[in-house]
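Asker: Okay, here's the structure, questions in a sec.
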Amino acid sequence: MTTLQSALWLPIFDELADPIAIARLAAEAEEAGWHGIFVWDHVRWREPVQQVADPWITLAAIATATENLRFGPMVTPLARRRPTKVARETATLDRLSGGRLTLGVGLGSNRFAEELSATGEELDDRRRGQMLDESLQILTAAWSGEPVHHHSEHYTVDGISFLPTPIQRPGVPVWAAGFPGNLRPLRRAARHDGFFPVNLEHPDQLAEIASTLTALRQHSTTPFDIAVPLPANADPAPYVKAGATWWLAEFEPDTVTLDQVRGVLRDGPVER
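Residue 400 is where the sequence shown starts when you use the numbering used here, and the numbers rise one by one after that.
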């Protein structure tokens with residue numbers, strides 16, 4: 400059976416919008432034996448949520464409060480972020496943490512809080528997908544340390560070298576998100592380091608996803624992760640058997656509290 404890594408997956412809203420509190424949780428999680436902590440990336444959420452923290456500042460707090468935990472945004476919608484700024488942020492965070500950052504990426508959605516339309520972002524899924532793929536091209540090139548030359552429909556980078564580079568080589572691991580049954584996100588993930596299935600309902604879905612990814616990566620020998628969000632009381636064993644390498648303990652974003660997270664944290668990670 401695959402060795403399973405366990406992480407907390409935190410919507411940094413309301414009580415969890417305090418970066419100091421999240422840094423303390425991260426330190427406690429590390430002491431309790433958890434392997435990672437990942438945070439949501441939103442600018443707002445539906446009611447009754449009122450407070451929303453910035454993920455990048457929160458991740459910096461996590462980096463300085465821990466020594467071994469893997470961490471990152473899960474997931475960041477790259478289409479609403481400038482890729483050159485993300486290149487600087489990711490390299491700096493990776494160096495700050497000693498090489499522990501994982502970058503989760505996806506299309507984002509206007510569904511839950513209309514945060515894309517409310518801020519004038521691109522609403523067309525196809526165009527956001529193009530922007531996501533172009534951003535990943537820029538990030539991959541930037542992490543190499545060589546001058547980046549990128550001229551496309553959405554972005555231009557004209558001969559900039561992004562130094563210093565991340566500690567991790569050839570760059571920060573990228574996990575791409577996607578819905579089961581959608582092949583395009585799987586192809587995107589196969590070009591990178593991991594897949595994060597959204598709204599997964601059954602381990603049989605994951606087994607099909609893992610089979611597709613294996614076929615897409617048949618000529619690759621690099622490590623690859625499949626990170627599955629599950630309720631804290633769920634049995635991850637069927638998902639591990641289907642191909643999961645990470646279990647992310649999920650929480651209800653509208654009602655999550657520090658005490659609730661701390662209760663799951665103290666129960667300790669799932670070992671398989």
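Backbone N, C-alpha and C define an ideal beta-carbon position, used for all residues, glycine too.
Because the structure is a prediction, the values reported are computed rather than measured.
What is the rounded straight-line gap between the Cα of Asp524 and the Cα of Ala575?
Answerer: Those two C-alpha atoms are separated by around 15 Å.
Asker: Taking only the alpha-carbon atoms, compute the straight-line gap between Trp542 and Phe561 and give it to the nearest angstrom.
Answerer: Rounded to whole angstroms, Trp542 to Phe561 spans 7 Å at the Cα level.
Asker: Can you give me the C-alpha to C-alpha distance between Pro579 and Leu403, rounded to a whole angstrom?
Answerer: Looking at the two C-alpha atoms, the distance is approximately 21 Å.
Asker: Shortest alpha-carbon distance to Val448 belongs to which of Pro652, Gly662, Val660?
Answerer: When only C-alpha atoms are compared, the closest one is Pro652.
Asker: With a threshold of 16 other CB atoms inside 10 Å of the CB of Thr465, please say whether the residue is buried or exposed.
Answerer: Thr465 should be labelled buried.
Asker: Assuming Val660 contacts Leu458 (C-beta within less than 8 Å), just tell me the rounded distance between them.
Answerer: With 8 Å as the limit, Val660 and Leu458 do not qualify as a contact, their Cβ atoms being about 16 Å apart.
Asker: Please tell me whether Leu415 and Val655 are closer than 9 Å, where the distance is taken between their beta carbons.
Answerer: Yes.
Asker: If I'm right that Phe594 touches Leu612 with Cβ under 8 Å, what's the distance once you round it to whole angstroms?
Answerer: Indeed, because the Cβ distance is near 6 Å, the residues count as touching under 8 Å.
Asker: Run through DSSP, which three-state label would Asp453 get?
Answerer: Three-state DSSP puts Asp453 in coil, outside helix and strand.
Asker: Mark Ser405 as exposed unless 16 or more other C-beta atoms lie within 10 angstroms of its C-beta, in which case mark it buried.
Answerer: Answer is buried; the Cβ neighbour count reaches 16.
Asker: Let me know the secondary structure DSSP gives Trp433 once reduced to three states.
Answerer: Note: Trp433 maps to coil in three-state DSSP.
Asker: If you draw a straight line from the C-alpha of Gly544 to the C-alpha of Arg527, how long is it?
Answerer: Each residue's Cα considered, the two are about 26 Å apart.
Asker: Taking just the CA atoms, how far does Leu506 sit from Met400?
Answerer: With a pLDDT of only 43 at Met400, under 50, the local geometry of the prediction cannot be trusted, and the value read off the model is given with reservation. Distance between the alpha carbons of Met400 and Leu506: 32 Å.
Asker: If you run the structure through DSSP and keep just helix, strand and coil, what is Arg499?
Answerer: Reduced to three states, the DSSP call for Arg499 is coil.
Asker: Is Gln567 helix, strand or coil when you go by DSSP?
Answerer: Here Gln567 sits in coil by DSSP.
Asker: Got a sec? Which residues, its chain only, sit under 6 Å from Ile559 by beta carbon, not counting five neighbours each side?
Answerer: These residues qualify, in order along the chain: Val547.
Asker: Is it buried or exposed for Phe511, if we count other Cβ within 10 angstroms and need 16 for buried?
Answerer: It counts as exposed.
Asker: Using the Cβ count rule (16 or more neighbours within 10 Å means buried), how would you classify Glu488?
Answerer: Per the 10 Å Cβ criterion, buried.
Asker: Measuring CB atoms only, is the region 468-476 touching the region 489-509, in the sense that at least three cross pairs come out at less than 8 Å?
Answerer: Yes: at least three Cβ pairs fall under 8 Å.
Asker: Alpha carbon to alpha carbon, how far is Ser508 from Ile566? Give it in angstroms, no decimals.
Answerer: One C-alpha to the other measures close to 31 Å.
Asker: So, at 7 Å on beta carbons, what are the nonlocal neighbours of Pro410 in its own chain, with the 5 sequence-adjacent residues on each side left out?
Answerer: Result list for Pro410: Trp439, Phe650, Pro652, Val655, in chain order.
Asker: Considering only DSSP beta bridges, list what Pro637 is partnered with.
Answerer: DSSP output for Pro637 lists no bridge partner at all.
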